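Right, one structure below, let's go through it.
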Amino acid sequence: MFKKDVKAPDKFDTLVGKNTIFQGNIETSGTIRIDGKVQGEIKADGDVYLGKSSEVTGNIYANNVFLSGKVEGNIEARGLLDASSTAVLYGDILVQNLITSEGSIFEGRCKMLEKQNSDSKVKNTRKKSEKKSDSTAYSDKN
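Note that full-length UniProt numbering gives residue 121 to position 121 of the sequence shown, counting from 1, and the numbers run on in steps of one.
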(Lines of atoms letter the chains of each structure in order from A and count residues from 1; the text may use other names and numbers.)
(Lines give C-alpha, C1' and ligand atoms only; values in the text may rest on other atoms or scores of the structure.)
Protein backbone atom coordinates (compact mmCIF):
# COMPACT_ATOMS: atom_id res chain seq x y z
CA MET A 1 0.00 0.00 0.00
CA PHE A 2 2.78 2.43 0.96
CA LYS A 3 5.43 1.01 -1.35
CA LYS A 4 6.04 2.84 -4.59
CA ASP A 5 5.72 0.75 -7.72
CA VAL A 6 9.10 0.52 -9.40
CA LYS A 7 8.78 0.73 -13.15
CA ALA A 8 11.11 -1.38 -15.24
CA PRO A 9 12.88 0.55 -17.98
CA ASP A 10 11.47 0.40 -21.50
CA LYS A 11 14.63 -1.30 -22.73
CA PHE A 12 17.60 -3.17 -21.34
CA ASP A 13 21.13 -2.97 -22.70
CA THR A 14 21.73 -6.63 -21.82
CA LEU A 15 19.30 -9.51 -21.33
CA VAL A 16 20.06 -13.02 -20.09
CA GLY A 17 17.00 -15.10 -20.96
CA LYS A 18 15.18 -17.64 -18.81
CA ASN A 19 16.63 -20.65 -20.64
CA THR A 20 20.20 -19.31 -20.63
CA ILE A 21 23.16 -20.34 -18.47
CA PHE A 22 26.03 -17.85 -18.55
CA GLN A 23 29.43 -18.67 -17.03
CA GLY A 24 31.82 -15.75 -16.65
CA ASN A 25 31.88 -12.13 -15.55
CA ILE A 26 29.56 -9.49 -16.98
CA GLU A 27 30.47 -5.80 -17.16
CA THR A 28 28.12 -3.21 -18.64
CA SER A 29 27.76 0.54 -18.55
CA GLY A 30 24.00 0.16 -18.98
CA THR A 31 21.06 -1.70 -17.47
CA ILE A 32 20.85 -5.49 -17.39
CA ARG A 33 18.00 -7.95 -16.82
CA ILE A 34 18.66 -11.54 -15.84
CA ASP A 35 16.02 -14.25 -15.95
CA GLY A 36 18.41 -17.19 -16.41
CA LYS A 37 21.46 -18.46 -14.53
CA VAL A 38 24.73 -16.56 -14.17
CA GLN A 39 27.85 -18.01 -12.59
CA GLY A 40 30.21 -15.08 -12.20
CA GLU A 41 30.46 -11.48 -11.17
CA ILE A 42 28.11 -8.77 -12.47
CA LYS A 43 29.28 -5.15 -12.66
CA ALA A 44 26.85 -2.57 -14.00
CA ASP A 45 27.06 1.22 -14.03
CA GLY A 46 23.28 1.15 -14.45
CA ASP A 47 20.68 -1.03 -12.74
CA VAL A 48 20.42 -4.81 -12.40
CA TYR A 49 17.00 -6.50 -12.59
CA LEU A 50 16.86 -10.13 -11.44
CA GLY A 51 13.62 -11.89 -12.40
CA LYS A 52 11.84 -14.61 -10.40
CA SER A 53 13.56 -17.40 -12.34
CA SER A 54 17.06 -15.88 -12.05
CA GLU A 55 19.89 -17.58 -10.18
CA VAL A 56 23.19 -15.75 -9.70
CA THR A 57 26.25 -17.28 -8.09
CA GLY A 58 28.67 -14.38 -7.71
CA ASN A 59 28.94 -10.81 -6.52
CA ILE A 60 26.86 -7.97 -7.95
CA TYR A 61 27.99 -4.33 -8.16
CA ALA A 62 25.44 -1.83 -9.51
CA ASN A 63 23.67 1.46 -9.09
CA ASN A 64 20.35 -0.17 -8.09
CA VAL A 65 19.44 -3.86 -7.76
CA PHE A 66 15.87 -5.15 -8.08
CA LEU A 67 15.87 -8.74 -6.80
CA SER A 68 13.07 -11.25 -7.36
CA GLY A 69 15.23 -14.37 -7.85
CA LYS A 70 18.10 -16.04 -6.01
CA VAL A 71 21.61 -14.70 -5.37
CA GLU A 72 24.48 -16.51 -3.68
CA GLY A 73 27.03 -13.73 -3.35
CA ASN A 74 27.49 -10.21 -2.10
CA ILE A 75 25.59 -7.19 -3.43
CA GLU A 76 26.96 -3.66 -3.49
CA ALA A 77 24.39 -1.07 -4.61
CA ARG A 78 25.27 2.62 -4.66
CA GLY A 79 21.56 3.38 -4.48
CA LEU A 80 18.77 0.92 -3.77
CA LEU A 81 18.42 -2.80 -3.16
CA ASP A 82 14.77 -3.80 -3.59
CA ALA A 83 14.08 -7.42 -2.60
CA SER A 84 10.61 -8.64 -3.58
CA SER A 85 8.65 -11.34 -1.75
CA THR A 86 10.23 -14.06 -3.95
CA ALA A 87 13.83 -12.87 -3.39
CA VAL A 88 16.43 -15.17 -1.82
CA LEU A 89 19.82 -13.70 -0.92
CA TYR A 90 22.71 -15.51 0.73
CA GLY A 91 25.49 -12.97 1.07
CA ASP A 92 26.47 -9.62 2.49
CA ILE A 93 25.08 -6.33 1.24
CA LEU A 94 26.47 -2.81 1.11
CA VAL A 95 23.68 -0.41 0.12
CA GLN A 96 22.47 3.13 0.56
CA ASN A 97 18.75 2.18 0.67
CA LEU A 98 17.10 -1.17 1.35
CA ILE A 99 13.54 -2.31 0.68
CA THR A 100 12.46 -5.85 1.52
CA SER A 101 9.02 -7.31 1.04
CA GLU A 102 7.39 -9.81 3.36
CA GLY A 103 8.46 -13.32 2.38
CA SER A 104 11.92 -12.42 1.08
CA ILE A 105 14.88 -14.33 2.52
CA PHE A 106 18.15 -12.63 3.45
CA GLU A 107 21.01 -14.37 5.22
CA GLY A 108 24.12 -12.26 5.62
CA ARG A 109 25.43 -8.97 6.93
CA CYS A 110 24.15 -5.54 5.98
CA LYS A 111 26.09 -2.29 5.94
CA MET A 112 24.38 0.95 5.00
CA LEU A 113 26.23 3.62 3.05
CA GLU A 114 25.86 7.21 4.19
CA LYS A 115 24.25 9.55 1.72
CA GLN A 116 26.91 11.95 0.50
CA ASN A 117 26.02 15.52 -0.31
CA SER A 118 28.02 18.69 -0.75
CA ASP A 119 27.14 20.02 2.74
CA SER A 120 28.55 16.97 4.55
CA LYS A 121 31.76 17.13 2.49
CA VAL A 122 32.25 20.77 3.50
CA LYS A 123 31.64 19.96 7.16
CA ASN A 124 34.09 17.02 7.07
CA THR A 125 36.76 19.20 5.43
CA ARG A 126 36.18 21.93 8.00
CA LYS A 127 36.58 19.47 10.89
CA LYS A 128 39.85 18.15 9.47
CA SER A 129 41.28 21.64 8.97
CA GLU A 130 40.24 22.63 12.51
CA LYS A 131 42.05 19.59 13.91
CA LYS A 132 45.18 20.44 11.94
CA SER A 133 45.18 24.02 13.22
CA ASP A 134 44.71 22.80 16.81
CA SER A 135 47.64 20.40 16.55
CA THR A 136 49.81 23.07 14.90
CA ALA A 137 49.03 25.50 17.70
CA TYR A 138 49.90 22.83 20.26
CA SER A 139 53.23 22.00 18.60
CA ASP A 140 54.15 25.71 18.31
CA LYS A 141 53.76 26.14 22.06
CA ASN A 142 56.21 23.31 22.81
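Beta carbons: idealized from backbone N, C-alpha and C, even for Gly.
Given the structure is predicted, the values throughout are model-derived calculations rather than measurements.
Around the beta carbon of Ser-84, 16 or more other beta carbons lie within 10 angstroms, which makes this residue buried.
The residue from Glu-76, Ser-68, Ile-60 and Tyr-90 with its alpha-carbon nearest to that of Ser-101 is Ser-68.
Runs of the beta strand (DSSP E) lying entirely within the segment 51-116 and spanning at least 3 residues, in chain order: 55-57, 60-62, 64-67, 70-72, 75-83, 88-90, 93-100, 105-107 and 110-112. Leu-94 and Leu-113 do touch by the CB rule: their CB atoms are close to 6 angstroms apart, below 8 angstroms. The Cβ atoms of Val-38 and Val-65 lie no closer than 8 angstroms to each other.
Cβ contact annotation for Thr-31 (same chain, cutoff 6 angstroms, sequence separation greater than five): Pro-9, Phe-12, Asp-13, Gly-46 and Asp-47, in chain order.
The Cβ neighbour count for Lys-70, taken over all protein chains shown within 10 Å, is at least 16; the residue is labelled buried. For the options Cys-110, Gln-96 and Gly-36, the alpha carbon positioned closest to that of Arg-78 is the one of Gln-96. Around the beta carbon of Ser-29, fewer than 16 other beta carbons sit within 10 angstroms, so the residue counts as exposed.
When Lys-18, Asn-63, Leu-98 and Gly-51 are compared, the shortest CA-CA separation from Asp-82 is found for Leu-98. By the Cβ neighbour-count rule, Arg-33 is buried, with 16 or more other Cβ atoms within 10 Å of its own. Gly-58 is the residue among Gly-58, Thr-86 and Lys-52 whose C-alpha sits nearest the C-alpha of Ile-75. In the DSSP annotation of this structure, the continuous segment of the beta strand (DSSP E) that includes Glu-27 starts and ends at 26-28. In the three-state reduction of the DSSP assignment, Phe-12 falls in the coil class.
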